[in-house]
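Here the first sequence is numbered in my numbering, starting from 1 and rising by one per residue. Since the structure comes first, as structure tokens, the remarks are kept for the end.
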Amino acid sequence: MSQQTIRVRFAPSPTGYPHVGNIRTALFNWLFARHNNGTFILRIEDTDQSRKVDDALDSILGSLKWLGLDWDEGPEKGGECGPYFQSERLDLYHSYAQHLLDKGHAYKCYCSPERLEQMRTDMAARKESVRSYDRYCRNLTNKQISEYESQGITPVIRFKIPLEGQTTFHDLIRGDITFENTELDDLVLLKSDGYPTYHLANIVDDHHMKISHVLRADEWLSSTPRHTLLYKAFGWKPPLFAHLPMILGPDKSKLSKRHGATAVTEFQDQGYLPQTMINFMALLGWSLDDKTEIFSKEELIRHFSIERISKTGAVFNHEKLYWMNGAYLRELSHQDLQQHIMPVLEKGLPPHIARPISDEYVRKIVPLIQERINTFNEAATYADFFFLDDNLEYDPMLLIAKKMDSPSTLKVLIAANERLSTVECFDHDLLETTLRSLADELGFKAGQVFSPLRVACTGRTATPPLFETMTVLGKERCLARIKLATKKLQQISG
RNA sequence: GCCCUCAUCGUCUAGGGGCCUAGGACAUCGGCCUUUCAAGCCGAAAACAGGGAUUCGAAUUCCCUUGAGGGCACCA
1 MSQQTIRVRF APSPTGYPHV GNIRTALFNW LFARHNNGTF ILRIEDTDQS RKVDDALDSI
61 LGSLKWLGLD WDEGPEKGGE CGPYFQSERL DLYHSYAQHL LDKGHAYKCY CSPERLEQMR
121 TDMAARKESV RSYDRYCRNL TNKQISEYES QGITPVIRFK IPLEGQTTFH DLIRGDITFE
181 NTELDDLVLL KSDGYPTYHL ANIVDDHHMK ISHVLRADEW LSSTPRHTLL YKAFGWKPPL
241 FAHLPMILGP DKSKLSKRHG ATAVTEFQDQ GYLPQTMINF MALLGWSLDD KTEIFSKEEL
301 IRHFSIERIS KTGAVFNHEK LYWMNGAYLR ELSHQDLQQH IMPVLEKGLP PHIARPISDE
361 YVRKIVPLIQ ERINTFNEAA TYADFFFLDD NLEYDPMLLI AKKMDSPSTL KVLIAANERL
421 STVECFDHDL LETTLRSLAD ELGFKAGQVF SPLRVACTGR TATPPLFETM TVLGKERCLA
481 RIKLATKKLQ QISG
């Protein structure tokens, strides 16, 4: 069996911050490369000067690094086929454009943007199917050419699409796809600013970088016949294509800024784990079987195959991502979890709380919140009462539990305060026996005692288990908070 | 408008002629557990777009319709 060398690339353009749609493409390429012991190349397609965004490159590299999608060739890494920025390969594209010109596969076009626009409006007005270009310059006479040249117009170079016949290419996911050449337009290869278009640069680079498989988003499908024709004009063997199903917004259209398409790094900021993102994105358009949901990166690499990529677009389901992160978070050791939430606490807790936050104190809290948060960032809001001073703010009515009223609640609080004062040192078992017997003595159900104490100590009705929470807070603070609760209740009951 | 692609629960999907009275996951609802909230466990509801054809038999093959998406830039 001939072992083909697998070389794939992720080729983003630095025109914005990559979102899940973009990065999912990177992930599939990476998985395919790693599964096949191949090479994963990162190439920056910075050929559009006008849309260039300054820190987009950092965001691209940052996203990939965060997710551990390491590249074998590319920026910061180098490689035999560099440079890996298209803006540094302009000479190459020029020479190939010239080559096509010489071979009669391309021509110079002097049409102004205004003329092009007019042409398209006219077509639309005549209810013709709108073409991108009417081939006006395809057969210019020498006289016309020198006339344009003398006007100082810088032409673009267009590719000559064959006027008849069909172009068929094979897609690894969709099978054979055929286009009538008459449906294809003479696309621009080299822009008047001297930069190549995607089409030219992409083909030249994929060839020179010996790319074996092109795994790219579905939106490129209709460009592929043009690319096929370009490979043919150059006399190059095209790579194998696999057009990935797209990731969609809630309205089922292509995920974009319109949907508030979240930059991948934002998930990092929100307290998601990279492994969650990898796992989740892998399942957007790929699956192993009818049951497995949670995959380690290694399992993903082991099982990934193009055959199991689906054809249909996938709506990005934030809810499931959230659940999945919770699943991963719960698997973390207490120590790992603490490491993740320390910075969150430092940053997210109200500023008046003294810094640095105590490691030792947080260590006690971590086990109490692990199964109650789904993202790291939630720690700061969920567990803030552990850190706030004892003058908690909350609606005193919360103190009154079901089937309780103000006087009975007051009775509980006062009795609890009294009884707890006699407890030497708070710990779970001691608190439990003490408070349960107190409830008995008072003739209340356990919950009728626990509930007001919970609110008193935390200001909330939903908290980690009461005794553990009180133990972490400690006797002094709990008693102070219970006294405060008593006072609050007395005030509203007059 | 033209071209291309796609079509299973609300969402992500399994399914490649009989194993499907269509399986799993998220979300939803109910129950158990329980000091609250979670987590966990158990259960429920929820889909083969429509119509033809092929076949003993179709979610699975073919055709048409419909719907959806993508593309039609000197953007990628």
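Backbone N, C-alpha and C define an ideal beta-carbon position, used for all residues, glycine too. In this text the structure is predicted, and so the values were computed from the model without any measurement.
From the DSSP secondary-structure annotation, give me the bridge partner or partners of Glu73.
Here residue 73 refers to the residue found at position 73 when the first sequence is read from its first residue. Answer is Ile41.
Nearest-angstrom Cα distance between Ala11 and Asp205?
Locating residue 11 in the first sequence gives position 11, counting from the first residue. Locating residue 205 in the first sequence gives position 205, counting from the first residue. Spanning the alpha carbons of Ala11 and Asp205 requires a straight line of approximately 10 angstroms.
Would you please state the rounded distance, in angstroms, between the beta carbons of Asn374 and Asn325? I believe it to be under 8 angstroms.
Locating residue 374 in the first sequence gives position 374, counting from the first residue. Locating residue 325 in the first sequence gives position 325, counting from the first residue. With a Cβ gap of about 5 angstroms, Asn374 and Asn325 count as contacting.
8 angstroms Cβ cutoff met for Leu388 and Ile353
As a position in the first sequence, residue 388 is number 388, starting the count at 1. As a position in the first sequence, residue 353 is number 353, starting the count at 1. Their beta carbons are under 8 angstroms apart, which means Leu388 touches Ile353 by this criterion.
Starting from Tyr272, follow its DSSP beta bridges and name the residues at the other end.
Against the first sequence, residue 272 aligns to sequence position 272. Answer is none; Tyr272 lacks a bridge partner.
Continuous alpha helix (DSSP H) stretch holding Thr228: start and end
On the first sequence, position 228 is the one that residue 228 refers to. Note, Thr228: alpha helix (DSSP H), Thr224 to Phe234.
Using only alpha-carbon positions, find the residue among Val472, Gly271 and Leu255 that is nearest to Glu360.
Numbered from 1 along the first sequence, position 360 holds the residue referred to as residue 360. Minimum Cα-Cα distance from Glu360 among the listed residues Val472, Gly271 and Leu255 corresponds to Val472.
Please report how far the alpha carbon of Lys160 lies from the alpha carbon of Ala282, in whole angstroms.
For the purposes of this step, residue 160 is identified with residue 160 of the first sequence, where counting begins at 1. For the purposes of this step, residue 282 is identified with residue 282 of the first sequence, where counting begins at 1. Distance between the alpha carbons of Lys160 and Ala282: 39 angstroms.
Taking Val449 as part of the beta strand (DSSP E), name the residues at either end of that continuous run.
Sequence index remark: in the first sequence, residue 449 carries index 449 (1-based). That residue, Val449, is in no beta strand (DSSP E); its alpha helix (DSSP H) goes Ala446 to Thr458.
How many angstroms separate the CA atom of Tyr136 from the CA atom of Glu307?
Locating residue 136 in the first sequence gives position 136, where the first residue counts as 1. Locating residue 307 in the first sequence gives position 307, where the first residue counts as 1. Roughly 44 angstroms separates the two Cα atoms.
If you reduce the DSSP assignment to three classes, tell me which class Cys109 lands in.
In the first sequence, the residue the question calls residue 109 occupies position 109. Note: Cys109 maps to strand in three-state DSSP.
So, are the CB atoms of Val423 and Leu413 less than 8 angstroms apart?
Within the first sequence, the letter at position 423 stands for residue 423. Within the first sequence, the letter at position 413 stands for residue 413. A distance of 8 angstroms or more separates the beta carbons of Val423 and Leu413.
With a CB to CB cut of under 7 angstroms and the five nearest residues on each side skipped, what residues in its chain are close to Leu438?
Taking the first sequence and counting its residues from 1, one reaches residue 438 at position 438. Counting only Cβ-Cβ distances below 7 angstroms, and skipping sequence neighbours, we find Ala415, Ala416, Arg419 and Val449.
Please return the same chain residues whose Cβ sits closer than 7 angstroms to the Cβ of Tyr382, not counting the five positions on each side in sequence.
Position 382 of the first sequence holds residue 382. Answer for Tyr382: Ile369, Arg372 and Ile373, listed in chain order.
Please report the Cβ distance between Thr168 and Thr182, rounded to the nearest whole angstrom; I am assuming they are in contact, meaning their Cβ atoms lie under 8 angstroms.
As a position in the first sequence, residue 168 is number 168, starting the count at 1. As a position in the first sequence, residue 182 is number 182, starting the count at 1. Contact check for Thr168 and Thr182: beta-carbon distance about 15 angstroms, past the 8 angstroms limit, so the pair fails to qualify.
Do you know offhand how far Ile294's Cα is from Trp286's?
Counting from one through the first sequence, the residue named residue 294 turns up at place 294. Counting from one through the first sequence, the residue named residue 286 turns up at place 286. Taking the straight line joining both Cα atoms gives about 13 angstroms.
For Gly194, which residues in the same chain have their Cβ closer than 7 angstroms to its Cβ, ignoring the five residues on either side in sequence?
Residue numbering aside, residue 194 sits at position 194 when the first sequence is read from its first letter. For Gly194, where only same-chain residues beyond five positions count, the Cβ hits under 7 angstroms are Leu90.
With a threshold of 16 other CB atoms inside 10 Å of the CB of Gly152, please say whether the residue is buried or exposed.
For the purposes of this step, residue 152 is taken as the residue at position 152 of the first sequence. Classification of Gly152: exposed, given that the 10 Å Cβ count is below 16.
DSSP state of Gly78 mapped onto helix, strand, coil:
Reading the first sequence from its first residue, position 78 is the one you call residue 78. Taken through DSSP and simplified to helix, strand or coil, Gly78 comes out as strand.
What are the uninterrupted segments assigned as beta strand (DSSP E) that are 3 or more residues long and contained completely in the region 171-253, given in chain order?
Entirely contained in the region 171-253, the beta strand (DSSP E) runs reaching 3 residues are, in chain order, 175-180, 188-190, 213-217 and 240-244.
Fully enclosed by the region 306-373, which alpha helix (DSSP H) runs are 4 residues long or longer?
DSSP runs (the alpha helix (DSSP H)) wholly in the region 306-373: 318-331, 334-348 and 359-369.
Are the beta-carbon atoms of Tyr198 and Glu73 separated by less than 8 angstroms?
Position 198 of the first sequence, counted from the start, is the residue given in the question as residue 198. Position 73 of the first sequence, counted from the start, is the residue given in the question as residue 73. Contact flag unset, no.
Flag this pair as yes or no: are the beta carbons of Thr276 and Leu321 separated by less than 8 angstroms?
Within the first sequence, the letter at position 276 stands for residue 276. Within the first sequence, the letter at position 321 stands for residue 321. Their beta carbons are under 8 angstroms apart, which means Thr276 touches Leu321 by this criterion.
How many angstroms separate the CA atom of Thr262 from the CA atom of Leu479?
Position 262 of the first sequence, counting from 1, holds the residue named residue 262. Position 479 of the first sequence, counting from 1, holds the residue named residue 479. Distance between the alpha carbons of Thr262 and Leu479: 45 angstroms.
Name the residue from Asn139, Glu76 and Tyr84 whose alpha carbon lies nearest to the alpha carbon of Ala106.
On the first sequence, position 106 is the one that residue 106 refers to. Looking at the Cα atoms, Asn139 is the closest of the given residues.
Buried/exposed call for Thr463, threshold 16 Cβ in 10 Å
The count along the first sequence starts at 1 and reaches residue 463 at position 463. Around the C-beta of Thr463, 16 or more other C-beta atoms lie within 10 Å, and the residue is accordingly described as buried.
May I ask which residues mark the beginning and end of the beta strand (DSSP E) holding Ile157?
As a first step, residue 157 is located in the first sequence; it is residue number 157 there, counting from the start. Annotation for Ile157: the continuous beta strand (DSSP E) segment containing it runs Val156 to Phe159.
Grab the span of the beta strand (DSSP E) containing Arg9 for me, first residue to last.
For this step, residue 9 is matched to residue 9 along the first sequence. Counting along the chain, the beta strand (DSSP E) containing Arg9 begins and ends at Arg7 to Phe10.
Tell me, please, whether the region 12-21 touches the region 59-66 by the rule of three or more beta-carbon pairs shorter than 8 angstroms.
Yes: the two stretches touch, three or more of their Cβ pairs being nearer than 8 angstroms.
By the 10 Å Cβ neighbour count, where 16 or more other Cβ atoms means buried, how is Gln4 classified, buried or exposed?
What you label residue 4 is simply residue 4 of the first sequence in a count that begins at 1. Exposed, because fewer than 16 other Cβ atoms sit within 10 Å of the Cβ of Gln4.
Just checking, does the region 242-257 make contact with the region 99-115 on the three C-beta pairs under 8 angstroms criterion?
Contact fails: fewer than three Cβ-Cβ distances are below 8 angstroms.
Between the alpha carbons of Gln268 and Pro274, how many angstroms are there, rounded?
Along the first sequence, one-based indexing puts residue 268 at 268. Along the first sequence, one-based indexing puts residue 274 at 274. Pairing Gln268 with Pro274, the inter-Cα distance amounts to about 7 angstroms.
Does DSSP put Gln166 in a helix, a strand or coil?
Taking the first residue of the first sequence as 1, we reach residue 166 at position 166. Residue state, collapsed to three classes: strand.
Here's the rule I'm using: 16 or more other beta-carbon atoms within 10 Å means buried, otherwise exposed. How should Thr141 be labelled?
Taking the first residue of the first sequence as 1, we reach residue 141 at position 141. For Thr141, the number of other beta carbons within 10 angstroms of its own is below 16, and it is reported as exposed.
Residue nearest to Gly271 in terms of C-alpha spacing, selected from Arg131, Thr469 and Tyr328
Here the question's residue 271 lines up with position 271 in the first sequence. The option with the nearest alpha carbon to Gly271 is Tyr328.
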